[in-house]
Amino acid sequence: MSFYDVPDGVEIRGRYDHQFAQILTRDALQFVAGLQREFRGQVRFAMECRREAKKRYNSGGSPGFDPATRFIRESNWKCATVPPAVADRSVEITGPVERKMIINALNSGAKVFMADFEDALSPSWENLMKGHVNLRDAVNQTITFQDQARNRVYKLNETIAKLFVRPRGWHLPEAHIIIDGEPAIGCLVDFGLYFYHNHAMYRSAHGAGFGPFFYLPKMESSREARIWNNVFERAERTSGIERGSIRATVLIETLPAVFQMDEILYELRDHSVGLNCGRWDYIFSYIKTFQAHPDRLLPDRVQVGMTQHFMRCYSDLLIRTCHRRGVHAMGGMAAQIPIRDNPAANEAALELVRKDKLREVRAGHDGTWAAHPGLIKPILEVFTSNMAGKANQIHTAAREDADAITEEDLVQMPRGTRSLEGLRLNTRVGIQYLAAWLTGTGSVPLYNLMEDAATAEISRVQNWQWIKYGAVLTGDGVKIRVTPELFAKVVEEEMERIKREVGLEKFTRGRYQEAGKIFAKQCTTPELDDFLTLDAYNLIVLYINTYMVIITKVYIIHKINKICVESLARDPQYCEIHKIFRCWYLNISLLQSYNKTKDKETSTLL
Numbered sequence: 001m002s003f004y005d006v007p008d009g010v011e012i013r014g015r016y017d018h019q020f021a022q023i024l025t026r027d028a029l030q031f032v033a034g035l036q037r038e039f040r041g042q043v044r045f046a047m048e049c050r051r052e053a054k055k056r057y058n059s060g061g062s063p064g065f066d067p068a069t070r071f072i073r074e075s076n077w078k079c080a081t082v083p084p085a086v087a088d089r090s091v092e093i094t095g096p097v098e099r100k101m102i103i104n105a106l107n108s109g110a111k112v113f114m115a116d117f118e119d120a121l122s123p124s125w126e127n128l129m130k131g132h133v134n135l136r137d138a139v140n141q142t143i144t145f146q147d148q149a150r151n152r153v154y155k156l157n158e159t160i161a162k163l164f165v166r167p168r169g170w171h172l173p174e175a176h177i178i179i180d181g182e183p184a185i186g187c188l189v190d191f192g193l194y195f196y197h198n199h200a201m202y203r204s205a206h207g208a209g210f211g212p213f214f215y216l217p218k219m220e221s222s223r224e225a226r227i228w229n230n231v232f233e234r235a236e237r238t239s240g241i242e243r244g245s246i247r248a249t250v251l252i253e254t255l256p257a258v259f260q261m262d263e264i265l266y267e268l269r270d271h272s273v274g275l276n277c278g279r280w281d282y283i284f285s286y287i288k289t290f291q292a293h294p295d296r297l298l299p300d301r302v303q304v305g306m307t308q309h310f311m312r313c314y315s316d317l318l319i320r321t322c323h324r325r326g327v328h329a330m331g332g333m334a335a336q337i338p339i340r341d342n343p344a345a346n347e348a349a350l351e352l353v354r355k356d357k358l359r360e361v362r363a364g365h366d367g368t369w370a371a372h373p374g375l376i377k378p379i380l381e382v383f384t385s386n387m388a389g390k391a392n393q394i395h396t397a398a399r400e401d402a403d404a405i406t407e408e409d410l411v412q413m414p415r416g417t418r419s420l421e422g423l424r425l426n427t428r429v430g431i432q433y434l435a436a437w438l439t440g441t442g443s444v445p446l447y448n449l450m451e452d453a454a455t456a457e458i459s460r461v462q463n464w465q466w467i468k469y470g471a472v473l474t475g476d477g478v479k480i481r482v483t484p485e486l487f488a489k490v491v492e493e494e495m496e497r498i499k500r501e502v503g504l505e506k507f508t509r510g511r512y513q514e515a516g517k518i519f520a521k522q523c524t525t526p527e528l529d530d531f532l533t534l535d536a537y538n539l540i541v542l543y544i545n546t547y548m549v550i551i552t553k554v555y556i557i558h559k560i561n562k563i564c565v566e567s568l569a570r571d572p573q574y575c576e577i578h579k580i581f582r583c584w585y586l587n588i589s590l591l592q593s594y595n596k597t598k599d600k601e602t603s604t605l606l
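Oh and the sequence shown: position 60 is 60 in the UniProt record's numbering, straight run, nothing missing.
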């Protein structure tokens, strides 16, 4: 049995693998531990500030512009010049750090690929560590993938997209790595391991002297941006690269953050390459922020698009802020995926994508996101035909009109109706996404859309909001009040529908029943959980750690059994002890065999 070579104070609780050991080297873990030790106090304080802000909002308050930082918003300062390597970001594709996905995304024709450790990834030990192996190979341009089913080998083209990496948010732990007796901060593990192994090669082969490049999620304040800036500066000093080499785009995907966009850019001004409209998480955050406000019940989530006043103002102010400071203003996600068996429906979906992207480019966005390679070409055509041959619109779309946007504009209630079908869709999507997430998949195609944690979160919190305040559903032509009893009936009926849609074999083999119970519990809990995946994360960790404990016990008892046998040959008094250990060994072996039969996929990971 092999073990990882770890520095003092670091413990690895994930399984050993020789490829993982190439990532989890002693020096790399020492680098991550250094980040944890320097910044864990700042992270704890930032999370406490989040809790205090939540109390204010739950007491009737609302986010707004901070008078104390008005001088930052009104001063004329600029972020560092955008590196030439990432001047053109007209279309970016996103996806998890899976090997085949990475190759296809880098080859897709997009300008940037954002490799995701966050919303598009279920953060199991296997997914995380394989993701780092995959990214190392991608940076080294040695990555390949053999698809046995299609008898095809995937490899990189000569020209590939620029690689950005999105670590997890500040709130997520990494329970498989323990530093000084406590779980590591997930994003510092993601950033630290990737940066340590890849910064030199990335700067020389891909970034023309700059990089690595990152996306930073889920921030709620400039305080959190300051921590990231400090992390970047420490990494640059430690590795001996120039200050300002690392660059990052911040996702503005929480309601509090929209009021601090200038301040966030200011904190990261030497390391920033812009902001992005993380619009699905932004809707989720709107509901979560106003969870104690019964007068802010949103309409069906499919009606809360970028044409709603508060969403349009959010986008316009982001463009104005970024261009005033000299960096990219990135648009939102096109989640559609090709409908291969229905050409008419596929063309209708593509037309919706074109209209959405035309709105973005005309508003002044410098680029946008796509979830599928099939969208890259039509989106690229929209952007290139509307940007007058320029790489971006930083210096041509000032959007000074957005200076008139007020706090009230940014929190205005969206208009629309609530329906029983909306409640059903939320339930169906939430359960199916969570079932996939529990079995290791974080990016899930559902009903011709690529769903990740963001859309599942909207489903969850909207259900919770409607149940909590007894929302009246009128969108179906009749008035129906949402109650726990109605929701229980909806869950039961939608579970049956899911079973029909996915088939009995997949339903039985998957974790749909477990997901249904978790989702229903989170929708009816008296106090809203902050994140769906934060609560469910323990199930992933415990699921894997149970096997780790079993394997370790089997190994130890096997050794003890061998000692007992040798001792028995010398002294019969060891006979009873030997019988006890044989019994334990047999029981654990049977349990391990049962678990392998119960979940073949997980057992193969071990």
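Cβ coordinates follow ideal geometry from the N, Cα and C atoms, glycine included. From a predicted model like this one, the values you see are computed outputs, not experimental measurements.
Cβ separation of residue i and residue j, assumed to be a contact under 8 Å, to the nearest whole Å
i, j, result
"ARG301", "CYS79", "In fact, because the Cβ distance is near 34 Å, the residues do not count as touching under 8 Å."
"PRO167", "ASP190", "3 Å"
"residue 611", "ILE227", "Only positions 1 to 606 of the chain appear in this structure, which leaves residue 611 out of reach."
"ALA471", "LEU297", "5 Å"
"PHE113", "LEU106", "5 Å"
"PHE310", "GLN146", "The Cβ separation is near 48 Å, so there is no contact."
"LEU434", "ALA454", "13 Å between Cβ atoms; not a contact."
Closest by C-alpha distance to residue i, when choosing among the options
i, options, result
"ARG325", "CYS277, GLY332, LEU317", "LEU317"
"ILE177", "GLU360, ILE12, LEU528, LEU128", "ILE12"
"LYS218", "TYR154, PHE284, GLU174, ALA292", "PHE284"
"ALA398", "ASN107, CYS322, GLY503, ASP66", "CYS322"
"GLU493", "ASP8, ILE480, VAL361, GLN513", "GLN513"
"ALA235", "ILE23, VAL32, THR439", "VAL32"
"ALA363", "ALA371, LEU375, VAL382", "VAL382"
"GLN19", "SER272, LEU420, LEU135", "LEU135"
"TYR266", "SER222, GLY244, ASP5", "SER222"
"GLU527", "ILE467, GLU485, GLU496", "ILE467"
"PHE531", "ASP119, VAL491, HIS132, ILE498", "ASP119"
"GLU496", "TYR447, THR427, ASP476", "THR427"
"ARG354", "ASN386, PRO445, LEU504, ASP17", "ASN386"
"ALA208", "PHE3, LEU425, ALA87", "ALA87"
"ASN392", "HIS365, LEU380, ARG415, PRO378", "HIS365"
"GLN432", "MET306, GLN30, LYS506", "LYS506"
Bridge-paired residues (DSSP) for residue i
i, result
"THR249", "TYR215"
"SER272", "ALA248"
"MET330", "ASN276, GLY367"
"PHE164", "MET114, PHE213"
"VAL444", "GLU451"
"residue 626", "Because the chain in this structure spans residues 1 to 606, residue 626 falls outside the shown range and cannot be described."
"ILE177", "ILE12"
"PRO84", "Partner(s): none; PRO84 has no beta bridge."
"ASP147", "ARG152"
"GLN336", "LEU449"
"GLU505", "Beta-bridge pairing links GLU505 to no other residue."
Buried versus exposed, by CB contacts within 10 Å (16 or more), residue i
i, result
"GLN573", "In this prediction, GLN573 has a pLDDT of 48, which is less than 50 and means its spatial position is unreliable; nothing more can be read from the coordinates."
"SER459", "buried"
"LYS489", "exposed"
"ASN538", "exposed"
"residue 611", "There is no way to answer for residue 611, as the model of the chain reaches only from 1 to 606."
"ARG247", "buried"
"LYS517", "exposed"
"GLY181", "exposed"
"TRP369", "buried"
"HIS395", "exposed"
"GLY41", "exposed"
Element boundaries [beta strand (DSSP E), containing residue i]
i, result
"TYR154", "152-155"
"GLU451", "449-451"
"GLY186", "Segment 186-205 is the alpha helix (DSSP H) holding GLY186; no beta strand (DSSP E) there."
"MET114", "112-116"
"GLU92", "91-96"
"ILE12", "10-12"
Span of the alpha helix (DSSP H) around residue i
i, result
"SER62", "Where SER62 is concerned, there is no enclosing alpha helix (DSSP H), given that its DSSP letter is neither H nor E."
"MET101", "99-106"
"TRP228", "222-239"
"LYS521", "512-524"
"ALA21", "18-23"
"VAL139", "125-139"
"TRP170", "Counting along the chain, TRP170 falls outside any alpha helix (DSSP H), and DSSP gives it neither H nor E."
"SER315", "309-325"
"MET261", "261-267"
Cβ of residue i within 7 Å of any chain B Cβ
i, result
"PHE290", "No chain B appears in the structure shown, which is made up of a single protein chain."
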